[in-house]
Amino acid sequence: MANSRSTGISPTIVNHAIVDSFRKLDPRSMVKSPVMFVVEIGFVITLLLSFDPNLFGGHYGPGSGERPFNIVVTVILFITVLFGNFAEAIAEGRGKAQAESLRKSKTDLTANRKRSDGTYENVPATTLRRGDIIRVLAGESIPADGEVVEGLGSVDESAITGESAPVIRGAGGDFSSVTGGTKLLSDELVIRVTANPGESFLDKMIGLVEGASRQKTPNELALSVLLAGLTLIFLIVVVTLDPMARYVGHGKSIDIATLIALLVCLIPTTIGALLSAIGIAGMDRVIRFNVIAKSGKAVEAAGDVNTLILDKTGTITIGNRLASEFVPVGKHDEKSLIEVAVLSSLFDETPEGRSVVDLAKEKGVSYVRENFSDATNVEFSADTRMSGLDLPDGSVVRKGAVDAIRKYVQQQGGTVPDDLDEKTNRIAREGGTPLAVISGKDVYGLIYLKDIVKPGMRERFEELRKMGIKTVMCTGDNPLTAATIAKEAGVDDFIAEAKPEDKMRLIREEQQQGKLVAMSGDGTNDAPALAQADVGLAMNTGTPAAKEAGNMVDLDSDPTKLIEVVSIGKQLLITRGAITTFSIANDVAKYFAIIPAMFLLMIPQLQALNVMHLTSPRSAILSALIFNAIIIPLLIPLAMRGVKYRPMSATGMLMRNILIYGVGGVIAPFIGIKVIDLIITAVGLAHI
3 MANSRSTGIS
13 PTIVNHAIVD
23 SFRKLDPRSM
33 VKSPVMFVVE
43 IGFVITLLLS
53 FDPNLFGGHY
63 GPGSGERPFN
73 IVVTVILFIT
83 VLFGNFAEAI
93 AEGRGKAQAE
103 SLRKSKTDLT
113 ANRKRSDGTY
123 ENVPATTLRR
133 GDIIRVLAGE
143 SIPADGEVVE
153 GLGSVDESAI
163 TGESAPVIRG
173 AGGDFSSVTG
183 GTKLLSDELV
193 IRVTANPGES
203 FLDKMIGLVE
213 GASRQKTPNE
223 LALSVLLAGL
233 TLIFLIVVVT
243 LDPMARYVGH
253 GKSIDIATLI
263 ALLVCLIPTT
273 IGALLSAIGI
283 AGMDRVIRFN
293 VIAKSGKAVE
303 AAGDVNTLIL
313 DKTGTITIGN
323 RLASEFVPVG
333 KHDEKSLIEV
343 AVLSSLFDET
353 PEGRSVVDLA
363 KEKGVSYVRE
373 NFSDATNVEF
383 SADTRMSGLD
393 LPDGSVVRKG
403 AVDAIRKYVQ
413 QQGGTVPDDL
423 DEKTNRIARE
433 GGTPLAVISG
443 KDVYGLIYLK
453 DIVKPGMRER
463 FEELRKMGIK
473 TVMCTGDNPL
483 TAATIAKEAG
493 VDDFIAEAKP
503 EDKMRLIREE
513 QQQGKLVAMS
523 GDGTNDAPAL
533 AQADVGLAMN
543 TGTPAAKEAG
553 NMVDLDSDPT
563 KLIEVVSIGK
573 QLLITRGAIT
583 TFSIANDVAK
593 YFAIIPAMFL
603 LMIPQLQALN
613 VMHLTSPRSA
623 ILSALIFNAI
633 IIPLLIPLAM
643 RGVKYRPMSA
653 TGMLMRNILI
663 YGVGGVIAPF
673 IGIKVIDLII
683 TAVGLAHI
């Protein structure tokens, strides 16, 4: 899946959308959009009147000009309906294009399935069932979703994430999940299949991005009810116009085509035509961030989130504690401490060990590993809680937990420097982890390991704060360390020594206060909280339980993506609000622009309101109809791209919408209708 976030629409998508625009004319499809369904009914009625102007009781002669007028109105109404369908089809088309790119990763794969006797047989991947054990060798595609039970290997997931950098997958932990359609680049994996055919994560993704089962969100339903209400009100108004005209003594009936045209001009066709497209485009924008939303409701809920729960490790911090300072103790200086610390870490391949070597290089101390090939590497163990080297001359260098080092030194008959405890406590108070370093039985000092907060996190949390979102950091660290990291990162609150039940408790407490909660997670222990949260973002590298529990899955497995998801959700709501504001203002402006011109003959006093000076009543109605039709495709790029979200208060956001889209919606019809009226007059359609 491409990572491109551009809003460009390919010619292929446009061509398919044009075809789909005609397919969507089916009344069973149109009835889902009440406003556009009314327009379609109007089109059918005016189409019939084009053949027989007197079909519903009129008395028009051959030279009355009624048939040409009906034909023009019919054509404009048909184009209006097509443009509305086109907007939705364009949005759906991008989702279908995403699905097609995912399908390319599903090929006729075979699998090496384990028999009951322990040997392997080659079978079609479609025959695999949940619980089967398969073996995948380097260079082969992984044929099904599963969990690694043996081995460690590098996997190319670009087929589903678009990222070229391979990822490591291995047995145990939260990085054991693999997805069918990806490719093993190195080593060998033994995998337990976790999905039956048709139930794989890739199959679900394809169904989701195609939007085949997309349901309207509560917000969309509420807006649909509002639009249906406005349509009903204007329908009543238009139906009563003819009796009112007769009552005031006009005498002549208002023709049905004019009433239908007036109705279409006044009902909120703009937002009615674009409502579905906005929702589908919102899901599409999430997909373009490599996040699969299982429903439109999840995206919309993200826009209303009040509380954001984030794990510390890997989300707020880089994920590994790194050496940030060398702290000598006793009679030793920094240089001698660094030399011993480098030796103790020379063969340590952990991130912490490599960071010690890197920090020493920055301070001008480095050793060549090959010069110590005859030394014995002592790896860290839970029993000793130390690691280091045994040198050929019999001396030892170690680094490890302070209490473990102290015990070792005392057992060897050494003494612990008086300032060791003081400096250890200072590092702990600052939220760091101290590692003691010794050579023989002599303590040289401490390595200050520090959680590194990811660059820009404080600014991002400040941005969330402006959105009115409370951020809570969850960590297993002690309260002192947690408080230090929380202060440095700029989160609003934190939970130290957090357990899965603590996350659940926090989510429920927030929800009981009427707040919406979002969280990210990747482990089985996160599954209950992901299911409880209103927005649960599961990592693609996580366990199947986590991916099933969440209502979104991040293909890039970047926990900070939750911040982008919230922004996209808010953008969806703001876009809908902006276009709704424009549409309603647009309708009000059209009302004042064309009503005086239409009923000037009936009520001469309306001349004072006829500021547009339109050529004739029919040119007024045709101009408004044409403007009504062309404004829909002009707003499609805005609906697809979305209105840019800027953190501000609800009042500020409302004022911005009114000033930009409200005022714009009022001004645009006056200008557009007048220009179209001049063109209609020039081509001789003003008096048909």
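Read in our numbering, the sequence shown has 331 at position 329, and its numbers run on one by one without any break.
Don't be surprised by glycine CBs; every beta carbon is placed ideally from N, CA and C.
Within 10 angstroms of the Cβ of residue i, are there 16 or more other Cβ atoms? Answer buried if so, exposed if not.
i    : result
P13  : exposed
A224 : exposed
D134 : buried
E159 : buried
M657 : exposed
V227 : exposed
N588 : buried
T242 : exposed
R323 : buried
A155 : What sits at residue 155 in the sequence shown is Gly, not Ala. Answer is buried; the Cβ neighbour count reaches 16.
S368 : exposed
E464 : exposed
R30  : exposed
I289 : buried
E512 : buried
P394 : exposed
I669 : exposed
P598 : buried
Strictly by DSSP, which residues pair up with residue i?
i    : result
S156 : I170
S143 : K185
M554 : A295 and L539
K380 : The sequence given here places Val at residue 380; Lys does not occur at that position. Per DSSP, G390.
M521 : I311 and G538
I193 : I136 and V150
F496 : M475
F328 : I449
A438 : G402 and L448
N114 : N124 and R137
S179 : E149
Closest by CA to residue i, which one among the options?
i    : options                   : result
T583 : L191, L276 and G458       : L276
A362 : N373, L345, E351 and E42  : L345
I75  : A91, F45 and F58          : This sequence places Val at residue 75; Ile is not what is there. Of A91, F45 and F58, the residue nearest in Cα terms is F45.
V157 : S188, A127 and R137       : S188
V439 : V358, V239 and F629       : V358
R69  : D257, R194, A197 and G298 : D257
G2   : I669, D453 and K646       : Outside the displayed range of the chain (3 to 690) lies residue 2, so it cannot be described from this structure.
K185 : A197, R194, I170 and I596 : I170
T473 : P245, N480, S522 and P502 : S522
I634 : R620, M246, P671 and T386 : P671
Just to confirm my understanding: we take residue i, look at its own chain, exclude 5 residues before and 5 after, and list those with CB closer than 6 Å. What are they?
i    : result
I280 : T577, R578 and A641
E336 : F328 and P330
T526 : T545 and A547
P436 : V404, T426, I429 and L448
Leaving out five residues before and five after residue i in sequence, what residues of the same chain have Cβ atoms less than 7 Å from its Cβ?
i    : result
L49  : T76
S625 : L616, I675, I678, D679 and I682
E550 : none
Y2   : Lying outside 3 to 690, the shown extent of the chain, residue 2 is not represented and no answer is given.
I565 : R462 and L466
G442 : S397 and V398
Please state if the CB of residue j and the CB of residue i are separated by a distance shorter than 9 Å.
i    : j    : result
V493 : N308 : no
G86  : I144 : no
A295 : M554 : yes
I311 : K505 : yes
E142 : I282 : no
Y446 : S326 : no
A485 : A500 : no
R460 : E490 : yes
L84  : N292 : no
V301 : L265 : no
A173 : E152 : yes
R400 : V418 : no
T562 : K456 : yes
G667 : S569 : no
Is there at least one Cβ from chain B nearer than 9 Å to residue i's Cβ?
i    : result
P394 : The question asks about chain B, but that chain is absent: this structure has only one protein chain.
By Cβ distance below 8 Å, which residues in the same chain neighbour residue i in space, the five residues on each side in sequence not counted?
i    : result
A214 : Its pLDDT being 39, under 50, A214 is placed unreliably in this model, and the value from its coordinates should be taken loosely. No residues qualify anywhere along the chain.
R216 : With a pLDDT of only 46 at R216, under the threshold of 50, the placement of this residue in the model should not be trusted; the figure read from the coordinates follows. G281, I282, M285, S297 and G298.
D421 : V331 and G332
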